[in-house]
Structure formats: structure tokens, C-alpha cells
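Residue numbers (the UniProt record's numbering), protein chains in the order written: chain A, 1 to 221; chain B, 1 to 221.
We treat Cβ as the ideally placed atom computed from N, Cα and C, and that holds for glycine.
The structure presented is a predicted model; accordingly, all values stated were derived computationally and were not measured.
Structure first, commentary second.
2 protein chains.
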Amino acid sequence: MAKLYHVPLSPFCRKVRLSLAEKKIECELVEERYWEESPEFLRRNPAGKVPVLKIDGRTMAESGPICEYIEEKYPEPALMPTSPEGRYEVRRLVGWFDDKFHQEVTSKLLYERVNKKVMGRGFPDSGNVKSGARAIKYHLDYMAWLLDHRRWLAGDKMTLADFAAAAHLSALDYISDVDWNRSDVVKDWYAKIKSRPAFRGILSDQVPGFPPPAHYADLDF
Amino acid sequence: MAKLYHVPLSPFCRKVRLSLAEKKIECELVEERYWEESPEFLRRNPAGKVPVLKIDGRTMAESGPICEYIEEKYPEPALMPTSPEGRYEVRRLVGWFDDKFHQEVTSKLLYERVNKKVMGRGFPDSGNVKSGARAIKYHLDYMAWLLDHRRWLAGDKMTLADFAAAAHLSALDYISDVDWNRSDVVKDWYAKIKSRPAFRGILSDQVPGFPPPAHYADLDF
């Protein structure tokens, strides 16, 4: 069976968990306090990050290459379109969320409010929190603009781009940092993706010291 | 004909240029002073970054998704292996150079020494330069370790991983920041890749105010 070293609220780990679950690949989850840099963990991944996935006799790091591997090795159900143009758009949006959204929003809100405390690295920087709270509005508006034109973020079908976005938003929703009233189309999109069986594991996550709000796991939020 | 908006020393632009040239896709190069944020350029790419590639009637941003698109649309000669395991390794290494090497080395050396001056943003931070000069040693040693086991960085054949690495190293070599005496296998690898016809454009780059050293374009460096 596959084994994933992860932390529950990491959007990169969540993206991998969603891909595995959607393709019904059984996977044991092992929580990894990677910031404590245990020698065993550093041997598995010298970069000292999560996710690390053990699958098919291999140990893999980096969520982007991991998800492409899962897609190529376990193609059904597909999380990528077949045309090069469609695949470009999926990859562009995965990069948008994992680079730009991550830097402007996730790192400014989740990492300040949760990771710093969990890792014992002090208190949230209020300037960062304000900057993240401002930036998420602009990102939600961009998602609304995409979803006005498309059923899913990258086109007609659900893809890895939706999982990348939902991975970040669900982690932020765990700390009530997403204003679902800002856009009906974004809320409808999240309701659709949240109700998938692949999402169940993520909705049952619990971080000690940070109980989720009631709406977090509610499909009718 | 394709058109690439770029800056000469950007490793992300160089990776795209190498891919296009290796596949003999003709491409007009347009230098883009993206930090001046001209309205025309921001219309092409709201993220305000280079590279931006116009090809096949589309406008694309983000070097990773662009290179995957080029590979899928123009598969010959192949810059990716066929097995999911081999493709994972290529993508892992592309990520290694474009994320980790970029953050620890390129941004600390090239951006401090060249970009700051070109963009009129002051003088190099000596702490950053020292940190980059330290980090490149460890990265060259990692490359040497890979190349002790493999003909090319990701395996038996030249791939996008080699282009990603060569894009960073060639930009740093332009400012004499690579110690080629540190490892024979790394030097041999760079000599092989430097002598490819696809590399010619990059070796003839000139940045005003920063003349390249004599060894930069010398195939027998």
C-alpha cells in the first residue's frame, strides 16, 4: 500500500491526497513534523519537505511531479484533459495556486496563524495577515471570472487545477479565512468539489489546538 | 512564427529558448523590460513576468507549463523519457533547479549583481551574495553526484532537466559565478550541452553594461 508523509493542512499534501483518493488508490497517512528535521525523514527527502509519497517501490517528493506521476501511472478517472492546449491550462492554473496564491495568500494567513504556533515560532505578523486577507479577495474574484466562463476552473471537466485550488481554499477554510459570500459561482464550485467522496478525508482532519469551525465539514455551508 | 517575450539572462526564458531551439521551432525574440510594467505587456500576462510565448495562436506564460506544452505538441526530438518513473525524475529535477537552486543561488547572485542594477534598484546585498556563493558549491556537488551515476542529469538521455540546470548555470557563468574547476563531471556535462546548436543563441547574448567574460562563449572553456 502507498504511504504518504504529510501534515494535515498543507495544501501541497492535500492536492496529492485528493488525487490519490479520486483514483481510489489506498494510502496510509503518516503525519510528519518535518520542521523537526528527524534524521529518518531527511533520509527519505533531503529537501526536508512534505509531501513525501512511497508508492510502487519508490519514494517521491514534490507535489507537482507526484501528481503528474499519479496521473500517468493511474490514468482513470482522468484529472487532465487530452489536448496539449487543455493540459497547458491545467498546469498553468496549478502553478497559479501553488506559486502565486501560495505566496500571496496561504503563506500569509495559514502559515502566520497556524504553522508558526505549531512549530513554536512565535506570533502572527499582523502586516502579513492583512496582506493575505487583501490578496485572497482578488484571487476569489479571478476564480469567479474563470467560473463565469467555465464549469470547472480549467474547462468543462474537473481537473488537477480544481484540486490545487480546493487544497489551498480548504486549508484556509479550516481557519475561517475564506469569505464564501464574496461570489456565488465560487461557493457553488466549492460545494460541488466538497461533496465528492475524495474530499472526505480532508474534511475529517483535526489539528490539535485548532478545532475547525462548524461550517468546515458541512456540505451545506 | 512563434514570438518569445524574454530577458536574456532569465533562466526561465533560457529554458524555453533551449527547448524551442532543440526542436528547431523558429521563434522571434522580443526583449521585455517586464519590471517597467508596460500596459501592453501586462495585457499579455497579468502576472507581469517573462517568459511569455506566443505560439499556435495562443499566448502562454509560466516556463514549466510552456515546456510541457512544447514537448507534447512538438515531440521530436524528445526531451522527456516515456516511462512515468523517468518523467517523474525529470520533473523533480526541473523543480529542483527552478525552485530550490533559483531561490538559494540564482536569486542571490544574478539578481543581486545584475537585475538590481538593470532595474535601478540599488546595490548588491553582500549577505545575499555570500549566501549564494556558498550554496552553489553544494548544488554543484549534488550535480556531480548525479553525474557520477548517470550520463545526463535525469538518466541516459538529455532531457528538460539538463536544460533547466544549464539555463541557470549559463546565466551565472555570464557573470563568472560558476567555479568549473570544482567538478570534472559537471564541467564535462556543461561542455557537452554548451556545444549543442540549440545553445548558440544563448552564447551570443549581450547585456548592456555587463560584457560577458571571454570563457562564456568559449566551447573549450
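Can the beta-carbon of alanine 166 (chain A) be found closer than 8 Å to that of isoleucine 193 (chain A)?
For the purposes of this step, residue 166 (chain A) is identified with residue 166 of the first sequence, where counting begins at 1. For the purposes of this step, residue 193 (chain A) is identified with residue 193 of the first sequence, where counting begins at 1. Result yes, Cβ atoms of alanine 166 (chain A) and isoleucine 193 (chain A) sit closer than 8 Å.
Express the C-alpha separation of leucine 53 (chain B) and serine 83 (chain A) in angstroms, rounding to a whole number.
Counting from 1 along the first sequence, the entry for residue 83 (chain A) is found at position 83. Counting from 1 along the second sequence, the entry for residue 53 (chain B) is found at position 53. One Cα belongs to serine 83 (chain A), the other to leucine 53 (chain B), and the distance between them is close to 18 Å.
Find the residues of chain B that neighbour lysine 100 (chain A), judging by a C-beta separation of less than 8 Å, and give them in chain order.
The sequence position of residue 100 (chain A) within the first sequence is 100, counting from 1. Going along chain B in sequence order, the residues near lysine 100 (chain A) (Cβ under 8 Å) are Ala47.
Could you give the DSSP three-state label for glycine 209 (chain B): helix, strand or coil?
By one-based count along the second sequence, residue 209 (chain B) stands at place 209. Reduced to three states, the DSSP call for glycine 209 (chain B) is coil.
On the CB-based measure, 16 or more other CB atoms within 10 Å of its CB, does methionine 60 (chain B) come out buried or exposed?
Taking the first residue of the second sequence as position 1, residue 60 (chain B) is located at position 60. Result: buried.
Between the segment 67 to 76 of chain A and the segment 18 to 25 of chain A, are three or more C-beta pairs nearer than 8 Å?
yes
Mind checking who lysine 54 (chain A) pairs with in its DSSP beta bridge?
Here residue 54 (chain A) is taken as the residue at index 54 of the first sequence, counted from 1. The partner list for lysine 54 (chain A) (beta bridge, DSSP) reads A:Lys3 and A:Thr59.
Please decide whether arginine 58 (chain A) counts as near chain B, where near means a Cβ-Cβ distance under 8 Å.
Walking along the first sequence from the start, residue 58 (chain A) turns up at place 58. Output row for arginine 58 (chain A): interface = yes.
Under a three-way DSSP split, which group does glycine 155 (chain B) fall into?
Here residue 155 (chain B) refers to the residue found at position 155 of the second sequence. In this structure, glycine 155 (chain B) counts as strand in the three-state DSSP scheme.
DSSP state of valine 30 (chain B), grouped into three classes?
Taking the second sequence and counting its residues from 1, one reaches residue 30 (chain B) at position 30. Strand at valine 30 (chain B).
Any C-beta of chain B sitting closer than 8 Å to the C-beta of glycine 86 (chain A)?
The sequence position of residue 86 (chain A) within the first sequence is 86, counting from 1. Not an interface residue.
Is it true that the CB of aspartate 148 (chain A) sits closer than 8 Å to the CB of tyrosine 216 (chain A)?
Mapped onto the first sequence, residue 216 (chain A) falls at position 216. Mapped onto the first sequence, residue 148 (chain A) falls at position 148. Result no, Cβ atoms of tyrosine 216 (chain A) and aspartate 148 (chain A) do not sit closer than 8 Å.
Just to confirm the assignment, what range does the alpha helix (DSSP H) spanning valine 94 (chain A) have?
Within the first sequence, the letter at position 94 stands for residue 94 (chain A). 84 to 95 is the span of the alpha helix (DSSP H), which, as asked, contains valine 94 (chain A).
Between the Cα of methionine 1 (chain A) and the Cα atoms of A:Arg58, A:Val186 and A:Gly127, which residue gives the shortest distance?
Residue mapping note: residue 1 (chain A) aligns to position 1 of the first sequence, counting from 1. The option with the nearest alpha carbon to methionine 1 (chain A) is A:Arg58.
Determine contact between the segment 1 to 18 of chain A and the segment 200 to 210 of chain A, defined as no fewer than three beta-carbon pairs at a distance below 8 Å.
When C-beta atoms of the segment 1 to 18 of chain A are compared with those of the segment 200 to 210 of chain A, three or more pairs fall below 8 Å, so the two segments count as touching.
Would you check if the distance between the CB atom of proline 91 (chain B) and the CB atom of glycine 64 (chain A) is smaller than 8 Å?
Here the question's residue 91 (chain B) lines up with position 91 in the second sequence. Here the question's residue 64 (chain A) lines up with position 64 in the first sequence. In the sequence as displayed, the identity of residue 91 (chain B) is arginine instead of proline. A contact, by the Cβ cut-off of 8 Å.
Ordered along the chain, which non-local residues of its own chain (more than five positions away) have a Cβ less than 8 Å from that of aspartate 162 (chain B)?
As a position in the second sequence, residue 162 (chain B) is number 162, starting the count at 1. Exclusion of the five residues before and after aspartate 162 (chain B) leaves Trp152, Leu153, Ala154, Trp189 and Ile193 as the residues of its chain whose Cβ lies within less than 8 Å of its Cβ.
Can you pull out the residues from the segment 190 to 217 of chain A whose beta carbon lies closer than 8 Å to at least one beta carbon of chain B?
none
Quick one: Cα of leucine 203 (chain B) to Cα of leucine 4 (chain A), how far?
Residue 203 (chain B) sits at position 203 when you count from the first residue of the second sequence. Residue 4 (chain A) sits at position 4 when you count from the first residue of the first sequence. Their backbone Cα atoms lie some 43 Å apart in a straight line.
DSSP three-state label for glutamate 36 (chain A), please.
For the purposes of this step, residue 36 (chain A) is identified with residue 36 of the first sequence, where counting begins at 1. DSSP places glutamate 36 (chain A) in helix when its eight states are reduced to three.
Is alanine 154 (chain B) close to chain A? Criterion is C-beta to C-beta, closer than 8 Å.
The residue labelled residue 154 (chain B) in the question sits at position 154 within the second sequence. Output row for alanine 154 (chain B): interface = no.
Classify alanine 198 (chain B): buried if its beta carbon has 16 or more other beta carbons within 10 angstroms, exposed otherwise.
As a working mapping, residue 198 (chain B) is identified with position 198 in the second sequence. So alanine 198 (chain B) ends up on the buried side.
For a test of the three-state rule: what should DSSP assign to proline 77 (chain A), helix, strand or coil?
Position 77 of the first sequence holds residue 77 (chain A). Correct three-state label for proline 77 (chain A): coil.
Note down the Cα distance separating valine 185 (chain B) from alanine 144 (chain B), rounded to an integer number of angstroms.
Position 185 of the second sequence, counted from the start, is the residue given in the question as residue 185 (chain B). Position 144 of the second sequence, counted from the start, is the residue given in the question as residue 144 (chain B). Their backbone Cα atoms lie some 6 Å apart in a straight line.
Is any beta-carbon of chain A found at less than 8 Å from that of glutamate 76 (chain B)?
Along the second sequence, read from residue 1 onward, the residue named residue 76 (chain B) stands at position 76. Not closer than 8 Å to any Cβ of chain A, the Cβ of glutamate 76 (chain B) fails to qualify, so no.
Does chain B have any CB closer than 8 Å to the CB of arginine 33 (chain A)?
Locating residue 33 (chain A) in the first sequence gives position 33, counting from the first residue. Answer no: the Cβ-Cβ gap between arginine 33 (chain A) and chain B never drops below 8 Å.
Say whether chain B places a C-beta atom closer than 8 Å to the C-beta of lysine 157 (chain A).
On the first sequence, residue 157 (chain A) is found 157 positions in, with the first residue counted as 1. It does not; no Cβ of chain B falls within 8 Å.
Cutting at 7 Å between CB atoms, please list the residues of its own chain near asparagine 128 (chain B), excluding the five before and the five after it.
Here residue 128 (chain B) corresponds to residue number 128 of the second sequence, with the count starting at 1. Cβ neighbours of asparagine 128 (chain B) beyond the five flanking positions: Lys108 and Glu112.
Should alanine 171 (chain A) go down as buried or exposed, given a rule of 16 or more other Cβ atoms within 10 Å for buried?
Along the first sequence, one-based indexing puts residue 171 (chain A) at 171. Buried.
Between the C-alpha atoms of glycine 201 (chain A) and aspartate 99 (chain A), what's the straight-line distance to the nearest angstrom?
Translated into positions along the first sequence, residue 201 (chain A) becomes position 201. Translated into positions along the first sequence, residue 99 (chain A) becomes position 99. The alpha-carbon atoms of glycine 201 (chain A) and aspartate 99 (chain A) are separated by roughly 24 Å.
Rounded to whole angstroms, what is the Cα-Cα separation between arginine 14 (chain B) and cysteine 67 (chain B)?
Within the second sequence, the letter at position 14 stands for residue 14 (chain B). Within the second sequence, the letter at position 67 stands for residue 67 (chain B). Looking at the two C-alpha atoms, the distance is approximately 11 Å.
In terms of alpha-carbon separation, which member of A:Leu140, A:Phe12, A:Ala47 and A:Leu169 lies closest to arginine 182 (chain A)?
The residue you call residue 182 (chain A) lines up with position 182 of the first sequence. With distances taken between CA atoms, arginine 182 (chain A) lies nearest to A:Leu140 out of A:Leu140, A:Phe12, A:Ala47 and A:Leu169.
Please name the residue in B:Gln103, B:Asp177, B:Ser176 and B:Ser19 whose C-alpha comes closest to that of glycine 70 (chain B).
In the second sequence, the residue the question calls residue 70 (chain B) occupies position 70. Contrary to the premise, residue 70 (chain B) reads as isoleucine rather than glycine in this sequence. Closest option to isoleucine 70 (chain B), Cα to Cα, is B:Ser19.
Is DSSP giving arginine 121 (chain B) helix, strand or coil here?
Along the second sequence, one-based indexing puts residue 121 (chain B) at 121. Arginine 121 (chain B): coil per DSSP, three-state reduction.
Could you tell me which chain B residues have their CB closer than 7 Å to the CB of residue 260 (chain A), listed as they occur along the chain?
This structure gives no information on residue 260 (chain A), because the portion of chain A shown stretches from 1 to 221.
For glutamate 22 (chain B), would you say it is in contact with chain A, using Cβ-to-Cβ distances shorter than 8 Å as the test?
To locate residue 22 (chain B), count along the second sequence from 1; it is residue 22. Output row for glutamate 22 (chain B): interface = no.
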